[in-house]
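> Heads up: the protein sequence lines correspond to chains A and B, in order. Anchor point for the first sequence: position 231 equals 231 in our numbering, and the numbering is continuous, going up by one each time. Anchor point for the second sequence: position 19 equals 1019 in our numbering, and the numbering is continuous, going up by one each time. Virtual Cβ for every residue (Gly too), placed ideally from N, Cα, C. Computed from a predicted structure; not experimentally measured.
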Amino acid sequence: PQLADQKTLAKQIYEAYLKNFNMNKAKARTILTGKTSTPPFVIHDMETLQLAEQTLVAKMVGSAGALKDREAEVRIFHCCQCTSVETVTELTEFAKSVPGFSSLDLNDQVTLLKYGVYEALFAMLASSMNKDGLLVAYGSGFITREFLKSLRRPFSDMMEPKFQFAMKFNALELDDSDLALFVAAIICCGDRPGLVNVAHIERMQESIVQVLQHHLLANHPDDTFLFPKLLQKLADLRQLVTEHAQLVQEIKKTEDTSLHPLLQEIYRDMY
Amino acid sequence: KEKHKILHQLLQNSTSPVDL
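And the structure:
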């Protein structure tokens, strides 16, 4: 009966993942490997960026909006924020579908999201990346790693650490069923600062991590060390988020850019 | 609670538009 419970939990979490996230690894890989009828529009310089803004991301940039005359770095930073806000919204809905999450103390739910969403976001971002770039605008565009690196500092420092993480993470060859459980494990984490009902969350975490471990053994029988490798990735993600939060604070201090109120809430007093 | 107003909103509403 315990095994049956585990299978049910794995299935519920995987279904919630497929339902709530607009992009997933299977979709992203189909596009990145050229198996779609229309390949993504490649953004590799200022000219192609402008073209993409006029067509793919017109809504985000607001062609007639306040950002029209701002420099490319600021416009790209703004686009990153829009995507982040959307993903945080999706992650919130996903978390609510994880069995047990909604019955947690509301303040604890907030704490789990505050500390978990960026780790989850960067883990999932890897699905949309290859060594040369990153899918954007729901997979209709592809922005090159070189172009992102060529932006002026500090904006050029934003994505390179995520690419470096993604290349190592993608080498583990997880599929969406693995990622769904991994993202759930990131969110249901008992050692986030300020949690009230730690015991309740630790019980949830334990069952999710156990399901993840069994699922990996069944889904990747040739890689017996995949589970410990993934546990290490949890620590790497925490470090990646800490560095990202510092960079965003620096940008906020030195650049004339606004930060979305939802993201401000998440970053405020984070680490 | 005030410090995380939008996160609270997102958790309590099924979907809420989060515009810049």
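Spatial neighbours of residue 233 of chain A within its chain, please: CB distance less than 7 Å, with the 5 preceding and 5 following residues excluded, ordered by chain position.
Only 169 meet the Cβ criterion.
> Scan the stretch 187-237 of chain A and note each continuous alpha helix (DSSP H) run of 4 residues or more that stays entirely inside, going in chain order.
The qualifying runs are 198-219.
> Would you kindly check if the distance between the Cβ of residue 98 of chain A and the Cβ of residue 186 of chain A is under 8 Å?
In this structure, residue 98 of chain A does not lie closer than 8 Å to residue 186 of chain A by Cβ.
> DSSP has residue 129 of chain A in a bridge; who is on the other side?
DSSP, once it has assigned bridges, lists A:134 as partnering residue 129 of chain A.
> What number of angstroms, rounded off, separates the C-alpha of residue 151 of chain A from the C-alpha of residue 109 of chain A?
Whole-angstrom Cα-Cα distance: 37 Å.
> Quick one: give me the first and last residue of the beta strand (DSSP E) that residue 142 of chain A is part of.
Counting along the chain, the beta strand (DSSP E) containing residue 142 of chain A begins and ends at 141-144.
> Write down the C-beta distance between residue 127 of chain A and residue 41 of chain A rounded to the nearest angstrom, noting that I regard them as a contact closer than 8 Å.
That pair is no contact at about 19 Å.
> Is residue 167 of chain A buried or exposed, if buried means 16 or more other CB atoms sit within 10 Å of its CB?
Classification for residue 167 of chain A: exposed.
> Less than 8 Å between the C-beta atoms of residue 112 of chain A and residue 203 of chain A, yes or no?
No, the Cβ-Cβ distance between residue 112 of chain A and residue 203 of chain A is not below 8 Å.
> Go through its chain and collect everything with a Cβ distance to residue 276 of chain A's Cβ below 6 Å, but skip five positions before and after it.
Look at the range of chain A in this structure, 1 to 271, and you will see that residue 276 of chain A is not part of it.
> From residue 10 of chain A to residue 251 of chain A, what distance separates their C-alpha atoms?
Their Cα atoms are separated by approximately 40 Å.
> Output yes or no for whether 8 Å exceeds the beta carbon distance between residue 1010 of chain B and residue 114 of chain A.
Cβ atoms of residue 1010 of chain B and residue 114 of chain A: not closer than 8 Å.
> From this set, A:257, A:269 and A:245, which residue's C-alpha is nearest residue 76 of chain A's C-alpha?
Residue 76 of chain A has its Cα closest to that of A:257, out of A:257, A:269 and A:245.
> Evaluate residue 178 of chain A with the Cβ neighbour count: other Cβ atoms within 10 Å of its Cβ, from every protein chain shown; 16 or more gives buried, anything less gives exposed.
So residue 178 of chain A counts as buried.
> How many Å lie between residue 53 of chain A and residue 5 of chain A at the Cα?
When rounded, the distance between both Cα atoms is 48 Å.
> Would a check of beta-carbon distances place residue 152 of chain A closer than 8 Å to chain B?
It does not: the Cβ of residue 152 of chain A has no partner Cβ on chain B nearer than 8 Å.
> Does residue 239 of chain A pass the burial test, meaning 16 or more other C-beta atoms within 10 Å, or should it be called exposed?
Looking at its Cβ environment, which holds fewer than 16 other Cβ atoms inside 10 Å, residue 239 of chain A is exposed.
> So, residue 135 of chain A versus residue 84 of chain A, is the Cβ gap smaller than 8 Å?
No, the pair does not count as a contact, with Cβ atoms beyond the cut-off.
> List, in chain order, every chain B residue whose beta-carbon is nearer than 9 Å to that of residue 212 of chain A.
Ordered by position in chain B, no residue passes the 9 Å Cβ test against residue 212 of chain A, which lies about 24 Å from the chain.
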